[in-house]
Each structure stands twice: as C-alpha cells, then as structure tokens.
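Residue numbers (our numbering), protein chains in the order written: chain A, 2 to 228; chain B, 2 to 228. First the structure, in the form of structure tokens, and then the observations on it.
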DNA sequence: AAAGTGAATAATGAATGCAAAATCGAGTCA
DNA sequence: TGACTCGATTTTGCATTCATTATTCACTTT
C-alpha cells in the first residue's frame, strides 16, 4: 500500500465543495442569483457538472432552484430561523448526551483546556479567537458523540444558518450569558451528566436564537430607516 | 384566477420523486445498482435530468455514487442504524414537545380517535390497519409541531431507514410494549406535558431500534445458514 | 415622461456526442 | 478446470448542441 491514496472524485462533487465554501465565505450571498456561466469559467468546467452540483446543493437546502430562472442562494426567513434553531438544539443536545456516555478522560481534559483558553479570550475581549475556541469546543462534543449521521445533519444546518448566525453582534450581557452556559456545559461534561448537558446545550441554543432574532430585528430596522 | 394552477416543475425533480417512490416501494433494493439507461427509457427522458436526479438523491443519502460505476441504492449498515435512530428519537422528541405547546383541542381529539382505532386493530391482531393508524398518529404529532424543517429532516430519515424498519416483525411482547408506549404518549399529550411526551417518544424510538437490531440479527443468521 | 410593444439577445433545460473507464467474453495457457 | 490475457462492447462522465423561455432595449403610443 502506498501512502498516497488515489482519490477518485466526481467533478460535480468538487464543484459542490467549492460552491459551499463560496456560500459560507459570503462570496455568494443569500438571495443572490448564482451565476452559472461565470462559475463554469471560474472552475474551468462545462455546464453539466456545474448544474449537477446545483441540484445537490439544492437538495441540501443551500440553493433554491427557480424553474427557467436558474439557481438562487437560499435565503433564510425569520420563520425558518424559528424552525431551524430548535432542531439544531435538539441535535446538539443529543450530541451532548452521547458525548457524556462515550467521552474519554483525555478528551474531557482537552475540552477543559479549550474552555479555559476561551474564557481568557473572553476576559480580554478578543472576539475572533474567542469564536475559534468556542467552535472547537462544540466540534469536540460532536466528535466525542461519535455519530457521523448526527454530525453531518448538524453541519448542514450550521451551513444553512451561517448568514444569520454571522449577523449576530453579542452584547456584553449576551456574551456573559454564553460564557456562563459554557461553564455549566463543562461541569456537566466532567460529571458525565448526559441529560444535564443536553439540557444546557438546548438552553444555549435557545439563547442563540434570541440573539439571532435581535440581530434580524436590528438589521430590518436599519433597512427600513434607509428606505 | 383559474382553478388549475400552472405547475412548472423541473424534470429532474419529477424524476427524483419517481425514484424515491421506487426505493420506498422496494422496486429498487438497497445495494442494487441503479440502471440508468433502463430508467431513462422507463421515464422517457434523456440521461441529463436522470443523472441530475441521482445527484439530488445522493445528497439526500438515498443513493451512493461510485465514481465511474454509476449509482447504487444506499445500503444501511448496522452501525448506521445505531446512528440514525437516536437522531430520529431526538427529532421526534422535539416534535412531541412542540406539539404539546401548540396543538389544538380538536387535534388532540383526532389523535385520541386514531389511538383508539389503533388499539382496536391491536386487539384484533390486524397488522396492516394497525400500522396505518400508527403512522397517522406520528404524522399528526409532526403536523401539530408545525415545523417544516423538522418534518422534512425526519421524513428523509424515515425514507433512509425504510428498508430496515420494514424488516421488523413485532413479537407479541414488542407489540404490547409499543401499544403501552402509545397509551403513555396520549396521556402526556392530553396533559400537554411536553418534556414527558418527548421522553416517551425517545423511549419509543429506543424500543424501535432494539426491534430493528433483532430483525437484522435474525436476517443475518438466516443468511449465514443459507451459505 | 410613463407605459406598453416586440424584436434581438441571453439564459435555461434537456438531448445528444464523444472520450475514457469498466465490464464482458472468447481464447490461451498452466 | 481455473486463472489470465486482450480486444470488443457497454457504461460512465463530461462537453457540446439545440429548442424553449426569460430578459433587455429600442421604439411607439398615449
């Protein structure tokens, strides 16, 4: 066996990866038309695999296909926010429960490290590094849960909600609340209290949705002022 | 406005509907190769929309695309069963909680009717009608939860697990257990006890997974005997 | 000037074409 | 008999073509 694995992939799959990245990075913005021809040139492919990728992303809920008018980046409505986040809460809650049942001592220790790091960034008010540690903790919980189906569905929902989650500007009170949630999470995890951790994660998600709604309200108010 | 709405749909979408139906009905069986050419003839379409439908169904987890070897109906492994069902449990649990918060008196009454009907079918040992009522109850809970995202993800998981769920032959003890679960569900729903209903539904799903594992064990044992 | 009209242009959706890869099968050899 | 070869055939992935549907924009009408 040679070390380098022969990765045989389909073009449409690689394009799908590229498009997902563009959506997450905001190069393609919600509601915007997806420029098929331009993307074909940019990726150096013909329309066939590009359009196949569109179908796949549409099935994932990232694009909306309008008959005879091509593809549009899916736009999240307030109603969908109200639907998506509780689902994410239930899933992350499950991840927490499974993690408590399966996690090793070493991984708990690693999460504690991440948590302490995150707390330091909070103290210093360093937002970007804070988010990085924060995300690492949530990812570590899913990793410990060891459920690929769960992770992939959750990841999909994260991607779909990317634009609205990113719109949030945490107030000091909200930020403190989030850190407090994380303290409780760590305690539950160290006590291997599955139901407890599940409850905290669902609660954490409920706080998140409130922040998102606040952000959407603020954004809409700003838009109304402009017009 | 005329009564007949002009439904403009994409070909690949209609094909996807048709393929999903074939998979659910067992016309295409897990592990089987999906005959592209034959399906093109059957649906009266060219390869392009057929292959687009394949990509969409693959994104849904219903098909597996093997590079240079076309599409295969996704086959559920025991490990995936162990991953999929807890996720379904968490989602149906959420549906129960939401339903308790939102359901109208009339809908509760309808579910009670369905439940009593189902109980009668159980008493008489009529399996097919029992399953019909059973499914109607679960669907009614999702309807009451009024969360389209939740419903569509759950529906997708139902489809993906179709083959293994269908393999289950309930023992009398298991059947009694299921009916008891349903009694508890109705009680929780009538009391609008969201957390309680959530717990019962997760428990109900845990029972389901045990039945599925039993069925898979039996199937594998039978297969081993044959070889 | 604003609203309407229709020809020219662009885009979309689906069928077809073509090169590369996989599969099949007759023939060969151990 | 069973494993192997290698050319023929089929299948697959992607590019290209073609018909249909939107969109644009110069032009008319009020």
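A virtual CB, placed ideally from N, CA and C, is assigned to each residue, including glycine. None of these values were measured; they are calculated from a predicted model.
Query: I want to see whether chain B comes within less than 8 Å of residue 166(A), judged by CB atoms only; does it?; Result: no
Query: Less than 8 Å between the C-beta atoms of residue 146(A) and residue 85(A), yes or no?; Result: no
Query: Quick one: does residue 32(B) have its CB under 8 Å from some CB of chain A?; Result: no
Query: Assign residue 34(A) to one of two classes, buried (16 or more other C-beta atoms within 10 Å of its C-beta) or exposed (fewer than that).; Result: exposed
Query: How long is the line joining the alpha carbons of residue 11(B) and residue 69(A), rounded to whole angstroms?; Result: 9 Å
Query: Put residue 26(A) into one of helix, strand or coil per three-state DSSP.; Result: helix
Query: Tell me the DSSP secondary structure of residue 99(B) in three-state form.; Result: helix
Query: At least one CB of chain A closer than 8 Å to the CB of residue 205(B): is that the case?; Result: no
Query: For the region 20 to 97 of chain A, list the alpha helix (DSSP H) runs that are entirely contained and at least 4 residues long, ordered along the chain.; Result: 37 to 44, 48 to 60
Query: Spatial neighbours of residue 206(A) within its chain, please: C-beta separation below 7 Å, excluding the five flanking residues on both sides.; Result: 86, 89, 90, 93
Query: Do we get a CB-CB distance below 8 Å when we pair residue 171(B) with the residues of chain A?; Result: no
Query: Helix, strand or coil for residue 195(A), going by three-state DSSP, please let me know.; Result: helix
Query: For residue 20(B), I'd like the list of residues in its chain whose CB is within less than 7 Å of its CB, leaving aside the five on either flank, ordered along the chain.; Result: 54, 58
Query: Compare the C-alpha of residue 119(A) against each of 134(A), 144(A), 216(A), 106(A) and name the closest.; Result: 134(A)
Query: What does residue 247(A) touch in chain B if you count any residue whose Cβ is under 8 Å from its own?; Result: Examination of residue 247(A) is not possible in this model, given that chain A is present from 2 through 228 alone.
Query: Taking 8 Å as the CB-CB limit, is residue 197(A) close to chain B?; Result: no
Query: Taking 8 Å as the CB-CB cut-off, is residue 130(B) touching chain A?; Result: no
Query: List the residues of chain A whose Cβ lies closer than 8 Å to the Cβ of residue 154(B), in chain order.; Result: 88, 154
Query: Using a C-beta cutoff of 8 Å, does residue 74(A) count as contacting chain B?; Result: no
Query: For chain A, is any of its Cβ atoms less than 8 Å away from the one on residue 91(B)?; Result: yes
Query: Out of 49(B), 180(B), 127(B), 172(B), point me to the one whose CA is closest to residue 13(B)'s CA.; Result: 49(B)
Query: Pair every Cβ in the region 35 to 42 of chain B with every Cβ in the region 29 to 44 of chain A, then say whether three or more of these pairs are closer than 8 Å.; Result: no
Query: Starting from residue 105(A), trace the alpha helix (DSSP H) in both directions and tell me its first and last residue.; Result: No alpha helix (DSSP H) contains residue 105(A), which DSSP labels as neither H nor E.
Query: Determine whether the beta carbon atoms of residue 131(A) and residue 143(A) lie at a separation below 8 Å.; Result: no
Query: Should residue 102(B) be flagged as near chain A, meaning a C-beta pair shorter than 8 Å?; Result: no
Query: Which residues of chain A have a Cβ atom closer than 8 Å to the Cβ of residue 52(B), listed in chain order?; Result: 53
Query: Please report the distance separating the alpha-carbon of residue 174(A) from that of residue 180(A).; Result: 10 Å
Query: Starting from residue 18(A), find everything on chain B with Cβ-Cβ shorter than 7 Å and list it in chain order.; Result: Result: empty, since nearest Cβ-Cβ is about 13 Å, beyond 7 Å.
Query: Answer yes or no: does any C-beta atom of chain B fall closer than 8 Å to that of residue 85(A)?; Result: yes
Query: Can you pull the chain A residues whose beta carbon is under 8 Å from the beta carbon of residue 94(B), in chain order?; Result: 91
Query: Taking DSSP as the reference, what is the three-state secondary structure of residue 208(B)?; Result: helix
Query: Can you find the residues in the same chain that come closer than 8 Å, C-beta to C-beta, to residue 30(B), ignoring five residues on each side of it along the sequence?; Result: 74, 164
Query: Excluding five sequence neighbours on each side, which residues of the same chain lie with their C-beta closer than 6 Å to the C-beta of residue 202(A)?; Result: 93, 94, 97
Query: Note down the Cα distance separating residue 107(A) from residue 149(A), rounded to an integer number of angstroms.; Result: 21 Å
Query: With respect to 7 Å, is the separation between the Cβ of residue 99(A) and the closest non-hydrogen atom of the ligand SAH below this value?; Result: Here there are no bound small molecules, and the ligand SAH is not part of this structure.
Query: Establish whether the CB of residue 150(B) and some CB of chain A are separated by less than 8 Å.; Result: yes
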